[in-house]
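Engineer: FYI, the numbering for the sequence shown is 1 to 439, going by full-length UniProt numbering.
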Amino acid sequence: MATLKRLLGRLLVGGSASTSDDGASALQVAGNLNASGAISAGTTASAWRSSVGAMELLGGAFISQNVLSFQVSQNAYVGASGWTLKTANPASLYSVSNGVHAWYYSAPGAAGSAVTWALQMSLPSSGNLLLNTATDNGTDKLQVNGSTATSAVRFAASIPTAPAAGSALTYGQTIAGRTLDANLPSMGHRAISQVAQWDRKIGGWISGNVDSSGVFYGNFPSQTRVGAATPRTVTAGTMVGMATRLGYTSATTAGSLSGTYTATAQYALGNGSYGGFQFTWRLNFSDPAAVSGARAFVGMSSNVSPPTNVEANTLTNSIGLAQLSADATQLYIVYGGSAAQTAIALGTGFPPMSNTGITGGPIYDFTLYSPSSANGVVYYRLERRDTGTFVEGSVGPGTAGATLPANATLLAPRAWRCNNATALAVGLDLHSMYAETEF
């Protein structure tokens, strides 16, 4: 390792900390000072061009070729014919020239061969950062040049903290295994970017609080109501109370249900080439009083008939969010193809109801995503909006057609709640539903 020592006005440049001082010479080099004036320490000096001032160390060099430039190189030097590889390895260069900062890379080649620098990044005097381009438009603070075959900008999935006032952050937000670009303003909640509607089949349903039908938009299947639809009056004091939503309420007779279902199946799991879907429900459970043994299911199923009083973890050709009758402390992911699989407990931080009454259930965003590029896989995410906590996971592929519905089995969305054996009303409030497919 090269060392520098300064003793009583004398500069020692040497290969080790034990380099001795002759007591007289102002500059003492335990290395090489070649004929061109280049200094090397800990390594034999390369054949530097005589007009270049350089100090060469083991793996790199400090270089100045004129009064306007300064450079730091790794595995490269300026020889008689130009930039040259020192060894048969990649080379890098940082350059400051006439106020412009630039970073370069060179692929490996034979030792002594010419270097071909590729500009990676530059920072001109405008203060604009240029990635993979040397052309500054003079306006944009970040300018990125990519190709159709590569990603120009990649946002890693993260959960940043809110920026200072007057600023916004762009980051990657993962929802049920799918990462999309999102923005986080200095105040308020995140905003996930909307995909191009001409490139997807997008549709949804938004509740109102003035009628019992809500508003459908885009490519969203019609819904058949179960139980009574009750527009909820907005009330202050709770997050649920402030939300516009439509309440589906069951009768008080034991075995009664409430919710919605779709009578036509038109979705399927991805098969590696096509198919797949994303469905998101915003919901809360809204039992007017505590109901022992209540059941619920929100998700996708091959069943297009009216729902019945059944334990959701016994359903086949289905996947969704469920409340099981024996556990009122937490929600579950239930799924199965030709055979029902073991339910996945989501934890007591995700209860069906946190308090009694129609505003007693937390607001949940529940997403199912089956990518077209994966064969028989479904990702899920349940996010509790009042606390911001969430749980994510995936199921499949497992045994085709048994672990999950076969990708040739058509599915439809449905959401229901049942009072089971208790003669009290149960409620399921739907705020919105969203559907997206690629074709």
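Note that CB positions come from ideal geometry on N, CA and C, so glycine has one too.
Is it true that the CB of isoleucine 202 sits closer than 9 Å to the CB of asparagine 183?
Structural biologist: Not a contact, by the Cβ cut-off of 9 Å.
Engineer: Rounded to whole angstroms, what is the Cα-Cα separation between phenylalanine 366 and aspartate 140?
Structural biologist: Between phenylalanine 366 and aspartate 140, the C-alpha separation is close to 38 Å.
Engineer: Could you pull the start and end residues of the beta strand (DSSP E) that methionine 55 belongs to?
Structural biologist: Residues 53-56.
Engineer: Reducing DSSP to helix, strand and coil, say where alanine 312 ends up.
Structural biologist: In this structure, alanine 312 counts as helix in the three-state DSSP scheme.
Engineer: Suppose only complete runs of 3+ residues qualify. What are the beta strand (DSSP E) ranges in the segment 113-146, listed by chain order?
Structural biologist: Runs found: 118-123, 129-131 and 142-144.
Engineer: Report the rounded CA-to-CA distance for leucine 68 versus tyrosine 171, giving the unit in angstroms.
Structural biologist: C-alpha separation (whole angstroms): 38 Å.
Engineer: Give every residue of the same chain whose Cβ lies closer than 6 Å to the Cβ of alanine 191, excluding the five residues on either side of it in the sequence, and list them in chain order.
Structural biologist: So the list reads Asn183, once near-sequence residues are dropped.
Engineer: In this structure, how does DSSP classify methionine 433 when only helix, strand and coil are distinguished?
Structural biologist: DSSP places methionine 433 in strand when its eight states are reduced to three.
Engineer: Cβ of arginine 225 within 9 Å of Cβ of glutamate 436?
Structural biologist: In this structure, glutamate 436 does not lie closer than 9 Å to arginine 225 by Cβ.
Engineer: Just mark aspartate 429 as buried or exposed, buried being the case when its beta carbon has 16 or more other beta carbons within 10 Å.
Structural biologist: Flag for aspartate 429 reads buried.
Engineer: Going by beta carbon distance, what residues of the same chain come within less than 6 Å of leucine 169, once the five residues before and after it are set aside?
Structural biologist: Here the set comprises Pro160, Pro163 and Leu184.
Engineer: Can you list, in chain order, the residues of its chain whose CB lies under 8 Å from that of glycine 255, leaving out five sequence neighbours each side?
Structural biologist: Closer than 8 Å at the Cβ level, and outside the excluded window around glycine 255, lie Asn309, Cys418, Asn419, Asn420 and Ala421.
Engineer: Going by the CB atoms, is the gap between threonine 348 and valine 240 shorter than 9 Å?
Structural biologist: No, Cβ-Cβ distance for valine 240 and threonine 348 is not below 9 Å.
Engineer: On the DSSP letters alone, give me the boundaries of the alpha helix (DSSP H) that methionine 239 sits inside.
Structural biologist: Here the alpha helix (DSSP H) through methionine 239 covers 239-242.
Engineer: Would you call the segment 404-413 and the segment 313-331 touching, i.e. three or more CB-CB distances under 8 Å?
Structural biologist: The segment 404-413 vs the segment 313-331: in contact.
Engineer: Which first and last residues belong to the beta strand (DSSP E) in which lysine 201 is found?
Structural biologist: It spans 201-206 - the beta strand (DSSP E) in which lysine 201 sits, taken as one unbroken run.
Engineer: Give me whichever residues DSSP pairs with phenylalanine 220 in a beta bridge.
Structural biologist: DSSP, once it has assigned bridges, lists no residue as partnering phenylalanine 220.
Engineer: Return helix, strand or coil for tryptophan 48, following the three-state DSSP convention.
Structural biologist: In this structure, tryptophan 48 counts as coil in the three-state DSSP scheme.
Engineer: State buried or exposed for histidine 189, treating a residue as buried only when at least 16 other CB atoms are found within 10 Å of its CB.
Structural biologist: Counting Cβ neighbours within 10 Å, histidine 189 comes out exposed, since fewer than 16 surround it.
Engineer: Going by beta-carbon coordinates alone, are threonine 403 and glutamine 341 separated by less than 9 Å?
Structural biologist: Cβ distance < 9 Å, so threonine 403 and glutamine 341 count as in contact.
Engineer: For alanine 41, which of Val291, Ser50 and Glu56 has the nearest alpha-carbon?
Structural biologist: Considering only alpha carbons, the answer is Glu56.
Engineer: Just the C-alpha distance for methionine 433 and leucine 129, rounded to the nearest angstrom, thanks.
Structural biologist: When rounded, the distance between both Cα atoms is 41 Å.
Engineer: Among Asn98, Asp287 and Asn303, which residue has its Cα nearest to the Cα of threonine 252?
Structural biologist: The shortest Cα separation from threonine 252 among Asn98, Asp287 and Asn303 belongs to Asp287.
Engineer: If distances are taken between C-alpha atoms only, which option among Leu180, Arg178, Gln223 and Asp386 comes closest to residue 440?
Structural biologist: Given a span of 1 to 439 for the chain in the structure shown, any question on residue 440 remains unanswerable.
Engineer: Under three-state DSSP, which class holds glutamine 197?
Structural biologist: The answer is helix: DSSP assigns glutamine 197 an H, G or I state.
Engineer: Residues in its own chain within less than 8 Å of proline 90 by CB, not counting five upstream and five downstream?
Structural biologist: These residues qualify, in order along the chain: Asn75, Tyr105, Ser106, Ala107 and Pro108.
Engineer: Quick one: measure Cβ to Cβ for proline 397 and glycine 376, integer angstroms, because I've assumed they're closer than 8 Å.
Structural biologist: Going by Cβ atoms, the distance from proline 397 to glycine 376 rounds to 4 Å, so yes, they are a contact pair.
Engineer: Measure the CB-CB distance between glycine 208 and serine 373 and report whether it falls below 9 Å.
Structural biologist: Taking 9 Å as the Cβ cut-off, glycine 208 and serine 373 do not qualify as a contacting pair.
Engineer: Exposed or buried, what is threonine 148 when buried is set at 16 or more other beta-carbons lying within 10 Å of its beta-carbon?
Structural biologist: Confidence in threonine 148 is poor, its pLDDT being 48 and thus under 50, which makes the residue's placement too unreliable to answer from.
Engineer: Quick check: the Cα distance between leucine 131 and glycine 138, rounded to an integer number of angstroms?
Structural biologist: Approximately 14 Å, taken between the alpha carbons.
Engineer: According to DSSP, is threonine 249 helix, strand or coil?
Structural biologist: Looking at threonine 249 - three-state DSSP - the assignment turns out to be strand.
Engineer: Give the DSSP-derived three-state secondary structure of methionine 353 in the structure shown.
Structural biologist: Looking at methionine 353 - three-state DSSP - the assignment turns out to be coil, as it is neither helix nor strand.
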